[in-house]
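Chemist: Here's a structure for you.
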Amino acid sequence: MHDRDWIATRIPHTGSMCLLDTVEACDEARIRCRASSHRDPAHPLRNGERLGAAVGVEYAAQAMAVHGAILQPPTERPRVGFLASVRGVELLVDRLDTIDAPLCVEAERLSGNESTILYRFEVSADGQVLLRGRAAVIVAPRLPGAAGDAA
C-alpha cells in the first residue's frame, strides 16, 4: 500500500528514526504496518546491546501518525500529534531485537474528535503478541490559512 519513503514524508521522524517499512492495510478505523528495523544493531533507540520491548510503543505511535496522515485530505499538510498517555500496556516479551520475524504493528482508533484520539495498539511477530495497550493522542489544531482551509 505505502512504502518507507512515503511514510517518511508524512511523519515527523526521518532517517533511522522512521521505524516502519510499509503500510499493509488501512481503513477509517485501523492500520497495519510492517517493520524490520528492530533487528538493526544501530537502531537509534537501543540501550546498549538491547532493544527493550517498551520501544514497541514508539512503533505503534508511528503507525498512529501514519493512520492520521492517510485519513487526511491530500490537499492538507499532516497535522502534528503528540502521544499524551499510554495505558494498560502489557509487555509480553523482554526485548524486540531478539525477534527474527518482521514486526506487525497494528493500531485501531477507538474514539476521538478533532483534537484527541484514543487508539488500541498491538505489536506482534509470527502471530505472537509482543506488546499491546492503549494510547491517547493530542492533535494540534489546524492553522488558519493552511492548505485546504477556506479563505
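Following the numbering used here, the numbering of the sequence shown begins with 2 at its first residue and continues without gaps. Backbone N, C-alpha and C define an ideal beta-carbon position, used for all residues, glycine too. Just so it is clear, the structure is predicted and the values come from calculations on it, not from any experiment.
#1: Could you pull out every residue in the same chain whose Cβ sits closer than 7 angstroms to the Cβ of L93, ignoring the five residues on either side in sequence?
#2: Can the beta-carbon of L104 be found less than 9 angstroms from the beta-carbon of L97?
#3: Take S37 and list the residues in its own chain whose beta-carbon comes closer than 7 angstroms to its own, dropping the five residues that flank it on each side.
#4: With DSSP as the reference, identify every bridge partner of S112, one or two as the case may be.
#5: Taking DSSP as the reference, what is the three-state secondary structure of L72?
#6: Could you tell me which of G89, G82, I8, R88 sits nearest to E115, measuring between CA atoms?
#7: How far does the alpha helix (DSSP H) with N9 in it extend, from its first residue to its last?
#8: Residues in its own chain within less than 6 angstroms of R135 by CB, not counting five upstream and five downstream?
#9: Taking the C-alpha atoms as reference points, what is the distance between D95 and W7?
#10: By the three-class DSSP mapping on this structure, what secondary structure does S38 have?
#11: Distance check for D4 and D41, CA to CA, integer angstroms please.
Modeler: In this structure, then:
#1: V130, L131, L132
#2: yes
#3: D22, P103
#4: L119.
#5: helix
#6: G82
#7: Looking at the sequence provided, one finds Ala at residue 9 rather than Asn. From DSSP, the alpha helix (DSSP H) with A9 extends over 5 to 9.
#8: R88, G89, R121
#9: 31 angstroms
#10: If DSSP states are grouped into helix, strand and coil, S38 belongs with the helices.
#11: C-alpha of D41 to C-alpha of D4: approximately 18 angstroms in a straight line.
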